[in-house]
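Below is one structure; the comments refer to it alone.
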Amino acid sequence: MCTVCGQPFYPNKYHPNQEVCSAAQCQKERQLQNQKTWRNHNPQYFRYKDRQTEWEKKRANYLANWRQKHRDYFKQYRLKRKQKADLDLGKSSEG
Ligand SMILES: [Zn+2]
1 MCTVCGQPFY
11 PNKYHPNQEV
21 CSAAQCQKER
31 QLQNQKTWRN
41 HNPQYFRYKD
51 RQTEWEKKRA
61 NYLANWRQKH
71 RDYFKQYRLK
81 RKQKADLDLG
91 KSSEG
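Residue numbers (my numbering): 1 to 95.
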């Protein structure tokens, strides 16, 4: 009997201990259950991953702040250069 839908089924001859029928919905459910079981058995894996993403988040934040700061600086710099270029251009066209 399928543990998901409760319907009787014939287990695969290669998997005589099969507990879920071959219906797509039941197979999906079985995969979800497998993932949960795997997670319960491997808590370290996810703790490690969490720490990584936390670190990555901090780094991404830092980079974003850095870019924000320096973008203003470069904007000013470019603006000044443009103003100077415009001035130079104005001079030459006068001539
Ligand atoms: Zn089923």
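Cβ atoms here follow ideal geometry from the backbone N, Cα and C, with glycine treated the same way.
Fair warning: this is a prediction, and the values are worked out from it, not measured in the lab.
Would you please state the rounded distance, in angstroms, between the beta carbons of residue i and residue j? I believe it to be under 8 Å.
i, j, result
"Arg39", "Val4", "At roughly 19 Å, the Cβ-Cβ gap does not stay under 8 Å, so Arg39 and Val4 are not in contact."
At what residues does the alpha helix (DSSP H) containing residue i begin and finish?
i, result
"Asn40", "24-41"
Could you tell me if the beta carbon of residue i falls within a distance shorter than 8 Å of some heavy atom in ligand 2?
i, result
"Gln25", "Among the ligands present in this structure, namely ligand 1, ligand 2 is not found."
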